[in-house]
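Numbering (my numbering), first residue to last: 56 to 484. To start, the structure itself, in C-alpha cells.
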Ligand code: LLP
C-alpha cells in the first residue's frame with residue numbers, strides 16, 4: 056500500500072486522483088495551487104468532507120441524532136462552517152474552541168463541551184451562550200459546574216462521561232477508555248454520580264457519554280462499549296434518573312496506510328441493531344467524530360529543498376516540518392508521501408525530514424521516491440490533527456490553508472508571517 060516506485064500510487068483517498076501525470080484534488084492540480092500560494096500548504100477537499108459526513112448521516116437516518124464534529128481535529132473556521140452548514144453540531148474542549156464554534160455560526164444548543172479540565176470562566180461563558188450539554192469527567196467538576204450554574208440562576212445540562220474500561224486497540228497516547236486513563240468516571244462510580252447530579256439544583260441530567268479512543272479500526276470495541284453503556288443506562292434509570300440521550304463519542308479510524316476501519320454507515324448498522332435489540336432504540340444518539348470527517352480530506356504540499364544522500368541514510372529535506380505535521384514525531388504515525396508529478400526514473404530510499412533542529416523532525420522514513428530538489432510532494436491524510444496541532448517551533452509561521460470545491464480554491468487561512476508571530480511580544484524597556 057505504501058508508495059514504492061516513482062509511478063503513481065495505487066490507492067489515494069476519495070477526491071484525490073492522478074490526471075495527466077498530476078495529482079489533483081477534485082478539479083484542480085495541486086501543483087498549480089502550490090505555485091500560486093507557496094508551500095507548505097494545506098489543501099482540503101470540501102466534497103471529501105461532505106462525503107465522510109454523508110456516511111454518518113446515512114447510518115443514522117431516521118433516528119433522532121446529533122453529530123457533533125470534534126473540532127480539535129481541525130478547527131479552521133471554514134472547515135467548521137462547512138460541517139455546520141451541513142447540519143453538524145460541534146464538540147468543544149476549551150473556551151477558545153467555544154469562541155471559534157460561535158464564530159463559525161453553530162447554534163449554541165448544538166455545542167457539547169468535553170474535557171477533563173474546564174475552568175469556571177469557561178463554564179460561565181458556555182452557560183451564558185446556552186450550550187447543549189457539558190460532558191462532565193469527574194465528581195469535582197460536577198460540583199464546580201453546579202456551583203457556577205447556581206450563581207447564574209441556571210441549570211447546566213449535563214452528561215457524565217463514563218470510562219467503560221474497553222480497550223480501543225489503538226496507540227496508547229490516543230486510547231482513552233481504559234481504567235488507567237485520565238478520562239471519564241469509573242464504571243462502578245457512575246450510578247452514584249448520577250444520583251448526586253440529579254440532586255443538584257444547578258444541574259439538569261440530559262444524557263450519558265463515552266469516548267474510548269481514536270483511530271479505532273475495528274467495530275468490536277464500539278459494540279463492547281455500547282453494551283457497557285446500556286448496562287449503565289439501565290442501572291441509572293432504575294435509580295430514578297432518566298437518560299434522554301446517549302453519546303457514543305468519536306474515534307473511528309481512517310485509512311492511512313492500508314488500514315481498514317469499518318465505514319461509518321456499516322458500523323452504525325451494527326450499533327443500531329444492538330441498540331434496538333436491547334430496547335434503547337428510542338434514545339437520541341449523539342456522536343463526536345473528528346478524524347473520520349476530515350482526516351482523508353486534506354493533504355500538506357511541501358517542496359523538496361535538498362537531497363542529502365549519506366552512508367547510512369539518505370535524507371530528503373523538505374520545507375514542511377514537525378511544527379506543521381506533528382503526528383510522525385509524536386505518535387510515529389505513518390502518512391503516505393506522494394510526488395505531485397511522479398517521475399519515471401528509478402527510486403531511492405529516503406527519510407523525508409523537515410528543517411527543524413530535532414532528530415525527531417521526520418515526516419516519513421524509508422520511503423522509495425524518485426525526486427529532485429524543487430519537486431513538490433503531498434503528505435496525505437493530513438486533514439486531521441495536523442494544522443490544529445501545528446506550532447510556531449523554531450519561529451516557523453504556520454502554513455496557509457485552501458479549501459477546494461470543484462474547480463474553485465478558497466484561501467481559508469493566510470500564511471502566518473514573522474510579524475504575526477512577534478505581535479504579542481514586547482522588548483524590555
Ligand atoms: N470526543 C472526545 C472526548 C475526544 O477526546 C476526541 C479525541 C474525539 C471526540 C474525536 O476523536 P476522533 O474521532 O478524532 O478519533 N492527536 C491524536 C488524536 C487525539 C484524539 C483526542 N481526542 C492524533 O493525531 O492521532
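All C-beta atoms, glycine included, are put in the ideal place defined by N, C-alpha and C. These figures come from a predicted structure and were not determined experimentally.
Next on the checklist: Short of 7 Å in beta carbon distance, which residues of its chain neighbour residue 63, apart from the five on each side in sequence? Order them along the chain.
Outcome noted: Counting from one through the chain shown, the residue named residue 63 turns up at place 8. Any reading at residue 63 needs caution, since the residue's pLDDT is 45, under 50, leaving its predicted position unreliable; the model's value is listed next. Cβ within range, chain order: 73, 397.
Checklist entry - Hey, out of 216, 224, 188, 194, whose CA is closest to residue 210's CA? => result Working through the chain shown from its first residue, we reach residue 210 at position 155. Looking at the Cα atoms, 188 is the closest of the given residues.
Next on the checklist: Quick check: the Cα distance between residue 466 and residue 455, rounded to an integer number of angstroms?
Outcome noted: Counting from one through the chain shown, the residue named residue 466 turns up at place 411. Counting from one through the chain shown, the residue named residue 455 turns up at place 400. Take the alpha-carbon of residue 466 and the one of residue 455: they are about 8 Å apart.
Item to check | Neighbourhood of residue 485 by C-beta, 7 Å cutoff - its chain only, sequence neighbours within 5 removed | outcome: As displayed, the chain neither begins before 56 nor continues past 484, which places residue 485 out of reach and without an answer.
Next on the checklist: For the ligand LLP, is there any heavy atom lying closer than 7 Å to the beta carbon of residue 125?
Outcome noted: For the purposes of this step, residue 125 is taken as the residue at position 70 of the chain shown. Yes; taking the cut-off as 7 Å, the Cβ of residue 125 has a heavy atom of the ligand LLP nearer than that.
Next on the checklist: By DSSP's criteria, residue 212 is part of a beta bridge. Which residues make up the other side?
Outcome noted: If you number the chain shown from 1, residue 212 lands on position 157. Note: residue 212 sits in a beta bridge opposite 259.
Checklist entry - How many angstroms separate the CA atom of residue 185 from the CA atom of residue 416? => result As a position in the chain shown, residue 185 is number 130, starting the count at 1. As a position in the chain shown, residue 416 is number 361, starting the count at 1. Going from the Cα of residue 185 to the Cα of residue 416 covers about 42 Å.
Checklist entry - Going straight from the alpha carbon of residue 374 to that of residue 432, what length do you get? => result As a working mapping, residue 374 is identified with position 319 in the chain shown. As a working mapping, residue 432 is identified with position 377 in the chain shown. Their backbone Cα atoms lie some 10 Å apart in a straight line.
Item to check | Helix, strand or coil at residue 163 [DSSP, three-state] | outcome: Position 108 of the chain shown, counted from the first residue, corresponds to residue 163. Here residue 163 sits in helix by DSSP.
Next on the checklist: If contact is defined by three or more beta carbon pairs under 8 Å, each pair taking one atom from either stretch, is the region 83-99 in contact with the region 343-356?
Outcome noted: The region 343-356 makes contact with the region 83-99: 3 or more CB pairs, one atom from each, lie closer than 8 Å.
Next on the checklist: Closer than 7 Å to a non-hydrogen atom of the ligand LLP - does that hold for the CB of residue 270?
Outcome noted: Position 215 of the chain shown, counting from 1, holds the residue named residue 270. Correct: residue 270 has its Cβ closer than 7 Å to the ligand LLP.
Checklist entry - In angstroms, rounded to a whole number, what distance separates the CA positions of residue 153 and residue 181? => result The residue given as residue 153 occupies position 98 in the chain shown. The residue given as residue 181 occupies position 126 in the chain shown. Near 7 Å, if we compare the C-alpha coordinates of residue 181 and residue 153.
Item to check | Cβ neighbours of residue 451 in the same chain (closer than 7 Å, five flanking residues each side left out) | outcome: The residue labelled residue 451 in the question sits at position 396 within the chain shown. Cβ neighbours of residue 451 beyond the five flanking positions: 376, 378.
Next on the checklist: Going by C-alpha to C-alpha distance, which of 218, 366, 179 sits closest to residue 208?
Outcome noted: Looking up residue 208 in the chain shown gives position 153. Comparing Cα positions, the closest option is 179.
Next on the checklist: Do residue 262 and residue 214 count as a contact pair if the criterion is CB distance below 8 Å?
Outcome noted: Position 159 of the chain shown holds residue 214. Position 207 of the chain shown holds residue 262. Using a Cβ distance threshold of 8 Å, residue 214 and residue 262 count as a contacting pair.
Next on the checklist: Taking 8 Å as the threshold (C-beta atoms), are residue 85 and residue 395 in contact?
Outcome noted: For the purposes of this step, residue 395 is identified with residue 340 of the chain shown, where counting begins at 1. For the purposes of this step, residue 85 is identified with residue 30 of the chain shown, where counting begins at 1. Contact flag set, yes.
Checklist entry - What number of angstroms, rounded off, separates the C-alpha of residue 266 from the C-alpha of residue 338? => result Along the chain shown, one-based indexing puts residue 266 at 211. Along the chain shown, one-based indexing puts residue 338 at 283. Each residue's Cα considered, the two are about 18 Å apart.
Next on the checklist: Comparing C-alpha positions only, which one of 139, 107, 119 sits nearest to residue 163?
Outcome noted: The sequence position of residue 163 within the chain shown is 108, counting from 1. The residue from 139, 107, 119 with its alpha-carbon nearest to that of residue 163 is 139.
Next on the checklist: Just verifying my parser: in three-state terms, what is the DSSP assignment at residue 402?
Outcome noted: Position 347 of the chain shown, counting from 1, holds the residue named residue 402. The DSSP-derived three-state label of residue 402 is coil.
Checklist entry - For residue 118, which three-state DSSP category applies? => result Residue mapping note: residue 118 aligns to position 63 of the chain shown, counting from 1. If DSSP states are grouped into helix, strand and coil, residue 118 belongs with coil.
Item to check | Start and end residues, alpha helix (DSSP H) containing residue 284 | outcome: If you number the chain shown from 1, residue 284 lands on position 229. Membership of residue 284 in the alpha helix (DSSP H) is indicated by the continuous run 275-293.
Next on the checklist: Per the DSSP calculation, residue 456 is bridged to which residue(s)?
Outcome noted: Numbered from 1 along the chain shown, position 401 holds the residue referred to as residue 456. Answer by DSSP bridge pairing, in chain order: 97, 468.
Next on the checklist: Rounded to whole angstroms, what is the Cα-Cα separation between residue 279 and residue 342?
Outcome noted: To locate residue 279, count along the chain shown from 1; it is residue 224. To locate residue 342, count along the chain shown from 1; it is residue 287. When rounded, the distance between both Cα atoms is 16 Å.
Checklist entry - So, helix, strand or coil for residue 358, using DSSP? => result To locate residue 358, count along the chain shown from 1; it is residue 303. Correct three-state label for residue 358: strand.
Checklist entry - Does the separation of the CB atoms of residue 166 and residue 349 fall below 8 Å? => result Residue 166 sits at position 111 when you count from the first residue of the chain shown. Residue 349 sits at position 294 when you count from the first residue of the chain shown. The answer is no: Cβ separation not under 8 Å.
Checklist entry - Under 7 Å from any heavy atom of the ligand LLP, does the C-beta of residue 444 make it? => result Position 389 of the chain shown, counted from the first residue, corresponds to residue 444. True, at least one ligand heavy atom lies under 7 Å from that Cβ.
Next on the checklist: Quick test of your reading: residue 435 and residue 391, contact by CB under 8 Å. State the CB separation rounded to the nearest angstrom.
Outcome noted: Position 380 of the chain shown, counted from the first residue, corresponds to residue 435. Position 336 of the chain shown, counted from the first residue, corresponds to residue 391. Taking C-beta atoms under 8 Å as the contact rule, residue 435 and residue 391 qualify, at a distance of about 4 Å.
Checklist entry - Once you ignore the five residues that flank residue 111 on each side, which residues in its own chain have a CB closer than 6 Å to its CB? => result Start at 1 with the first residue of the chain shown, and residue 111 comes out as number 56. Its chain contains 122, 319 as the residues whose beta carbon lies nearer than 6 Å to that of residue 111, once the 5 sequence neighbours on both sides are disregarded; these appear in chain order.
Next on the checklist: Alpha carbons only, please: which of 125, 399, 71, 387 is nearest the one belonging to residue 414?
Outcome noted: Sequence index remark: in the chain shown, residue 414 carries index 359 (1-based). Taking only the C-alpha atoms, the option nearest residue 414 is 387.
Item to check | Unbroken stretches of the beta strand (DSSP E), 3 residues or longer, contained in the region 384-436 | outcome: Annotation note: the region 384-436 contains the following uninterrupted beta strand (DSSP E) runs of length 3 or greater, listed N- to C-terminal: 392-394, 403-408, 417-424, 431-434.
Item to check | Assigned secondary structure, residue 134 (DSSP; H/G/I helix, E/B strand, else coil) | outcome: Here residue 134 corresponds to residue number 79 of the chain shown, with the count starting at 1. Looking at residue 134 - three-state DSSP - the assignment turns out to be helix.
Item to check | Any non-hydrogen atom of the ligand LLP within 7 Å of residue 384 CB | outcome: Your numbering for residue 384 matches position 329 in the chain shown. For the ligand LLP, not one heavy atom lies less than 7 Å from the Cβ of residue 384.
Checklist entry - Anyone know if the C-beta pair for residue 143 and residue 201 falls short of 8 Å? => result Translated into positions along the chain shown, residue 143 becomes position 88. Translated into positions along the chain shown, residue 201 becomes position 146. No; because the gap between Cβ atoms is not below 8 Å, this pair is not in contact.
Item to check | Proximity of residue 221 and residue 283 at Cβ, strictly below 8 Å | outcome: For this step, residue 221 is matched to residue 166 along the chain shown. For this step, residue 283 is matched to residue 228 along the chain shown. Taking 8 Å as the Cβ cut-off, residue 221 and residue 283 qualify as a contacting pair.
Checklist entry - Where does residue 264 land, buried or exposed, given buried means 16+ other C-beta within 10 angstroms? => result Your numbering for residue 264 matches position 209 in the chain shown. Label assigned to residue 264: buried.
Next on the checklist: Going by C-alpha to C-alpha distance, which of 158, 124, 125, 108 sits closest to residue 132?
Outcome noted: The residue given as residue 132 occupies position 77 in the chain shown. Ranking the options by Cα distance to residue 132, first place goes to 158.
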